[in-house]
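Q: Take a look at this one; I'll ask things after.
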Amino acid sequence: MTSAPIAEFMASLFSPLGPREIRLLDPGAGVGSLTAAFVQRACREPVRPQRIVVTAFEVDPLLQTPLRATLNDCADAARAAGVPFSATVIPLDFIEHASQALEGGLFSQPISFTHVITNPPYKKISSQSIHRRLLSNLGVEVTNLYAAFVALSIMLLEPNGELAAITPRSFCNGPYFLPFRRLLLSEMGLRRIHTFDARDIAFKDDGVLQENIIYWATKSQQPATVELSSSHGIDLQPDAIRSISFAEIVDAQDANLVIQIPTTQEDTAIARQMRSLGSSLADLGISVSTGPVVEFRLKPYIHRTAVLGTVPLIYPAHFQRGYVSWPRPNGKKPNALEDKPATRKWLMPQGCYTLTRRFSSKEERRRIYAAVYDPARVDTEHVGFENHLNVFHENGRGLPPLLARGLCLYLNSTVIDRYFRLFNGHTQVNASDLRALPYPSRATLIALGEQASEDALPPQETIDQWVDAVVFSELTGANMSPA
């Protein structure tokens with residue numbers, strides 16, 4: 030049930046539609062908003078299609094009647110424009126039907142489409158579900174319905190066919206979506222990517238928790254350049270459209286095929302600046318892991334306050350001005366975990382650790398919030414880090430204090446936040462995302478750590494100035510960090 034402005038914008042992305050037969054696929058059609066916008070656009074073309082054939086999938090019985098009514102309206106509009114039109118509603122599960130069709134089980138002749146327009150459903154796919162089995166049989170490894178819908182649509186497109194989709198941008202990074210990115214980037218040439226500056230305007234009726242993007246692609250080789258655009262209001266008129274090299278979207282040397290979306294020239298400058306850093310976490314000898322303590326699994330051993338036989342249990346709520354402030358006796362979270370054989374494997378040895386929050390609220394100013402756990406503040410042999418944290422460590426032990434502080438400053442900088450947003454479109458910060466970041470050398474991080482006090486981090490402007498001076502000035506010869 031895509032809104033009219035979004036549906037019209039998506040329909041406008043396709044190449045000129047006539048004169049030829051158009052075979053349009055609308056998987057998960059809802060009430061037919063996307064198909065209606067496509068047909069409306071086709072009927073206004075200077076040179077109109079010779080024929081439009083629509084295949085619309087909708088498994089929800091409550092939506093099938095309004096969908097058929099929409100397609101009847103499309104038929105009337107096409108007839109008035111002199112365009113032959115036919116439509117078929119398939120009231121079946123798209124994944125099951127398409128998978129069988131691609132395996133040759135339903136049709137003696139293979140089916141293909143010239144165009145796909147889709148706003149697919151968003152839901153995780155269980156590893157034990159029939160959907161996962163059907164997709165795996167086709168060599169499609171995805172973890173979410175939206176990626177499955179797009180993947181099958183790609184496979185059903187004929188050569189040079191076109192696809193316009195609106196989906197969460199979570200597929201742009203992370204290991205779970207890597208097989209999908211391989212399929213998308215090997216089969217389709219990205220032509221246009223559109224982002225939304227304020228998702229609560231364009232999607233205010235949908236309760237959107239992730240950033241969505243609209244993309245248009247053709248079943249062909251990757252183009253040399255890709256158009257990027259963004260909009261703020263509900264009319265979806267792009268604030269600007271810019272053309273950039275495909276190499277600025279996907280780094281050819283990146284085995285993870287992370288898709289970056291630098292919608293402004295400043296974004297492009299930041300991406301180039303970050304790529305000038307030569308180190309990965311592995312190069313630095315640093316690892317990052319999700320906090321090992323899962324509260325509900327160890328609930329009998331968790332206490333609101335520290336008592337004899339317990340150790341600190343650290344949550345994001347303990348972050349205060351760049352350091353861990355423990356305990357917080359009047360806070361909402363517990364403060365202690367029993368140290369005994371049943372819990373020992375979930376604890377880490379006392380040491381200096383850099384931590385980041387794994388989640389931020391939808392519209393927070395920053396995505397990455399880092400803090401240092403300083404063992405000098407707490408007298409204990411072990412410490413527990415809760416699962417809503419990411420923990421930077423060396424082989425399961427703490428970091429040198431200056432390295433931990435420098436890493437904390439680096440992760441809290443504005444340039445890191447801006448770079449992170451180029452490929453991460455949701456409020457979650459996973460360990461895999463942090464591994465994907467470029468880092469300065471170990472010596473540079475230590476030099477940066479020498480700037481910090483042992484009490485609290487400075488204001489944001491000062492952090493940005495330090496990071497620019499210590500990390501980037503020698504590499505770029507100019508101040509490129511946004512303040």
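Under our numbering, the residue at position 306 of the sequence shown is numbered 335, and the numbers go up by one with no gaps. Every residue, glycine too, gets a C-beta built ideally from N, C-alpha and C. Given the structure is predicted, the values throughout are model-derived calculations rather than measurements.
#1: In the DSSP assignment, the beta strand (DSSP E) including His455 goes from what residue to what residue?
#2: Are the segment 285-294 and the segment 449-459 touching by the rule of at least three beta carbon pairs closer than 8 Å?
#3: How many Å lie between Leu214 and Thr172 at the Cα?
#4: Could you give the distance in angstroms between the alpha-carbon of Ile35 and the alpha-carbon of Ile288?
#5: Could you have a look at Ser258 and say whether DSSP puts it in helix, strand or coil?
#6: Any heavy atom of the ligand ZN closer than 7 Å to the beta-carbon of Ala405?
#7: Whose CA, out of Ser260, Phe225 and Gly218, lies closest to the CA of Gln250?
#8: Taking the DSSP output, what are the residues bridged to Asp55?
#9: In this structure, what does DSSP give as the bridge partners for Asn166?
#10: Measure the beta-carbon distance from Pro363 to His332 and round it to whole angstroms, keeping in mind my assumption that it falls under 8 Å.
#11: Put Ser439 into one of helix, strand or coil per three-state DSSP.
#12: With DSSP run on the structure shown, which of helix, strand or coil describes Met303?
#13: By alpha-carbon positions, which one of Gln93, Pro75, Asp55 and Asn166 ends up nearest to Pro149?
#14: Assign Ser44 to one of two classes, buried (16 or more other C-beta atoms within 10 Å of its C-beta) or exposed (fewer than that).
#15: Could you give the distance in angstroms between the alpha-carbon of Thr339 and the alpha-carbon of Leu366?
#16: Apart from the five residues just before and just after Ser318, which ones in its own chain have a Cβ nearer than 8 Å to its Cβ?
#17: Terminal residues of the continuous beta strand (DSSP E) containing Asn419?
#18: So, using beta-carbon positions, are Leu306 and Pro467 closer together than 8 Å?
#19: State the CB to CB distance for the pair Ile243 and His144, rounded to an integer number of angstroms; the pair is presumed to be in contact (CB under 8 Å).
#20: Considering only residues of the same chain and omitting the five flanking positions on each side of Val354, which have a CB-CB separation below 7 Å?
#21: Which residue's Cα is closest to the Cα of Asp497: Thr443, Ser470, Arg471 and Ser62?
#22: If you drop the 5 nearest sequence neighbours on each side, which residues of the same chain put their C-beta closer than 8 Å to that of Ser128?
#23: Do the segment 91-105 and the segment 55-70 meet, that is, are 3 or more Cβ pairs less than 8 Å apart?
#24: Return helix, strand or coil for Pro45, following the three-state DSSP convention.
#25: Among all the DSSP beta bridges, which residues are the ones paired with Val145?
#26: Can you tell me whether DSSP reads Lys153 as helix, strand or coil?
#27: For Arg220, I'd like the list of residues in its chain whose CB is within less than 7 Å of its CB, leaving aside the five on either flank, ordered along the chain.
#28: Would the beta-carbon of Ala360 fall within 8 Å of that of Leu432?
#29: Measure the C-alpha to C-alpha separation of Glu187 and Phe142 and round it to an integer number of angstroms.
#30: Indicate the three-state DSSP secondary structure (helix, strand or coil) for Val237 in the structure shown.
#31: If you reduce the DSSP assignment to three classes, tell me which class Gly413 lands in.
#32: Between the segment 371-384 and the segment 273-285, are three or more C-beta pairs nearer than 8 Å?
#33: Going by other Cβ atoms of all chains shown within 10 Å of its Cβ, with 16 needed for buried, is Arg211 buried or exposed?
#34: Would you identify the three-state DSSP class for Gln282, choosing helix, strand or coil?
#35: If you check the beta carbons only, do Thr456 and Ser389 fall under 8 Å apart?
#36: Which runs of the beta strand (DSSP E), 3 residues or longer, sit entirely within the segment 347-399?
A: In short, the structure shows the following:
#1: Element bounds for His455: n/a, residue is neither H nor E.
#2: These segments touch.
#3: C-alpha separation (whole angstroms): 18 Å.
#4: Cα-Cα distance, rounded: 23 Å.
#5: Here Ser258 sits in strand by DSSP.
#6: Looking at this structure, you won't find the ligand ZN or any other ligand, since it has none at all.
#7: Gln250 has its Cα closest to that of Gly218, out of Ser260, Phe225 and Gly218.
#8: Asp55 is bridged to Ala85.
#9: BP columns for Asn166 are empty, so no partner.
#10: That belief holds up - the Cβ atoms of Pro363 and His332 are roughly 6 Å apart, short of 8 Å.
#11: The question names Ser, but residue 439 in the sequence shown is Tyr. Helix at Tyr439.
#12: Here DSSP, grouped into helix, strand and coil, assigns Met303 to helix.
#13: When the alpha-carbon of Pro149 is set against those of Gln93, Pro75, Asp55 and Asn166, the nearest one is in Asp55.
#14: Its Cβ having fewer than 16 others within 10 Å, Ser44 is exposed.
#15: Looking at the two C-alpha atoms, the distance is approximately 5 Å.
#16: Taking C-beta separations shorter than 8 Å and ignoring five residues to either side along the sequence, the partners of Ser318 in its chain run Asn419, Val420, His422 and Ala460, following chain order.
#17: Looking at the DSSP string, the run of the beta strand (DSSP E) that includes Asn419 is Leu418 to His422.
#18: Yes, they are a contact pair.
#19: Contact between Ile243 and His144 is absent: CB atoms are separated by about 15 Å, not below the 8 Å threshold.
#20: Contrary to the premise, residue 354 reads as Ser rather than Val in this sequence. The residues His347, in chain order, have a CB closer than 7 Å to that of Ser354 in the same chain once the five nearest residues on each side in sequence are set aside.
#21: With distances taken between CA atoms, Asp497 lies nearest to Thr443 out of Thr443, Ser470, Arg471 and Ser62.
#22: When the five nearest sequence neighbours on each side are left out, the beta carbons in the same chain lying within less than 8 Å of the beta carbon of Ser128 are those of Leu163, Leu164, Asn166, Leu167 and Leu181, in order along the chain.
#23: With a cut-off of 8 Å, the segment 55-70 and the segment 91-105 count as touching, because enough Cβ pairs lie within range.
#24: Note: Pro45 maps to coil in three-state DSSP.
#25: In the DSSP output, where bridge partners are listed per residue, Val145 has Leu54 and Leu192.
#26: Collapsing the DSSP output to three states places Lys153 in a strand.
#27: Cβ within range, chain order: Trp245, Ala246, Thr247, Pro252, Val255 and Glu256.
#28: The sequence shown places Gly at residue 360, not Ala. Against a cut-off of 8 Å, the Cβ pair of Leu432 and Gly360 comes out as no contact.
#29: For Glu187 and Phe142, the distance between alpha carbons rounds to 6 Å.
#30: Note on Val237: pLDDT 47, under 50, position unreliable in the model; the coordinate value appears next. Secondary structure at Val237: coil, using DSSP grouped into helix, strand and coil.
#31: Strand at Gly413.
#32: No, the segment 371-384 is not in contact with the segment 273-285.
#33: Result: exposed.
#34: In the structure shown, Gln282 sits in coil (DSSP, three-state: anything other than H, G, I, E or B).
#35: In this structure, Ser389 lies closer than 8 Å to Thr456 by Cβ.
#36: Within the segment 347-399, the complete beta strand (DSSP E) runs of at least 3 residues are 365-367 and 382-386.
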